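For reference, the structure is listed below as structure tokens.
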Amino acid sequence: MPRFAANLSMMYTEHDFLDRFAAAAADGFRAVEYLFPYEHPAAELRARLDANGLVQALFNAPPGDWAAGERGIAALPGREAEFRAAFGRALEYAGVIGNDRIHVMAGLIPADADRARCRATYLENLSHAAGAATAQGITVLVEPINTRDMPGYFLNRQDEGQAICKEVGAANLKVQFDCYHCQIVEGDVSKKLQRDFAGIGHIQIAGVPERHEPDLGELNYPYLFDVIDNLGYQGWIGCEYRPRAGTSDGLGWIKPYLKR
């Protein structure tokens, strides 16, 4: 049976961020994820989780200057020291909040960049992150992101993500498989899940093409949930979508799963 985590960066935005935990729990969610925790003290976030009986499934390491348009620094040569400090901060937060997954964003690469150098930087930084995360039992994740929503992002395809993880060779480095991104870039989502399952560390969903509820659009999620169940996936499935209207009003799709 699939287990779902509400993504509080996209869902429940009708509430202030710290109030989204209670709103998600009231609707039946037992886990949450979000992009970044760093605007709030880790202890306050842990208190919200505990007060609402929630598990933290995932958050991202600091991505550089998000407000200025940066989307990660792991594949940006010359910023290795900044990456290490940022990942250390993520580990500190995880130590308090209790999640065992941290997503590391690769970054936007200029068209004229030396991709081989970027890839070498990416491998070096991921190796460092995986090693640093081992003591806390944390899995580091990389995520292929589609070129429509994030042009210039370094990592776009599932096979590329799997190849990166295999080259680094760390047991706690895996791919974050977002069905939305995969469908836009490659399609054939169920076969990709089956092919790469051993290297998948987290799964996310959204309707395609508009990134609304997963019962809207071109992907047949009830079928995909059965595929995921049959593969033996035990992790959380992150609901990383933008509700078309109010979040709670759009949750008809999940009610059959919450009742099981």
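Under our numbering, residue 266 is the last one in the sequence shown; the count climbs by one each step, no gaps. The C-beta atom is built at its ideal place from N, Cα and C for all residues, glycine as well. Here the structure is a predicted model, which means the values were calculated and not measured.
In this structure the stretch 13-27 does not touch the stretch 218-236; the number of beta carbon pairs closer than 8 Å is below three. Sorting D155, A96, L14 by C-alpha distance to the C-alpha of G75 places D155 at the top. Taking every protein chain shown into account, the CB of R121 has fewer than 16 other CB atoms within 10 angstroms, so this residue is exposed. Per DSSP, reduced to three states, the secondary structure at H218 is coil, with no helix or strand assignment. For G94, the enclosing alpha helix (DSSP H) has its first and last residue at 86-103. With a 10 Å radius around the Cβ and a threshold of 16 neighbouring Cβ atoms, E216 comes out exposed. Bounds of the beta strand (DSSP E) holding A11 are 9-13. The straight-line gap separating the alpha-carbon atoms of H109 and L132 is approximately 11 Å. DSSP places L147 in the strand class (E or B) of the three-state scheme. Under the 8 Å Cβ criterion, the stretch 88-101 counts as touching the stretch 141-153, having at least three qualifying pairs.
If you draw a straight line from the Cα of E39 to the Cα of D106, it is about 12 Å long.
In the DSSP secondary-structure assignment, A112 is bridged to G78. In the same chain as Q210, and ignoring 5 residues on each side of it, the C-beta atoms closer than 6 Å to its own belong to D184, G244, E246, in chain order. Where F42 is concerned, there is no enclosing alpha helix (DSSP H), because DSSP gives it neither an H nor an E. Beta bridge pairing from DSSP links N66 with H109. In the structure shown, L51 falls within a helical segment according to DSSP collapsed to helix, strand and coil. Judged by DSSP in its simplified three-state form, L60 adopts coil rather than helix or strand. With contacts defined as CB atoms closer than 8 Å, A31 and L60 qualify as a contacting pair. Less than 8 Å separates the beta-carbon of G241 from that of H208. Straight-line spacing of the CA atoms in A119 and Y159 works out to 12 Å. Taken through DSSP and simplified to helix, strand or coil, I260 comes out as coil.
When DSSP states are grouped into helix, strand and coil, H187 belongs to the helix group.
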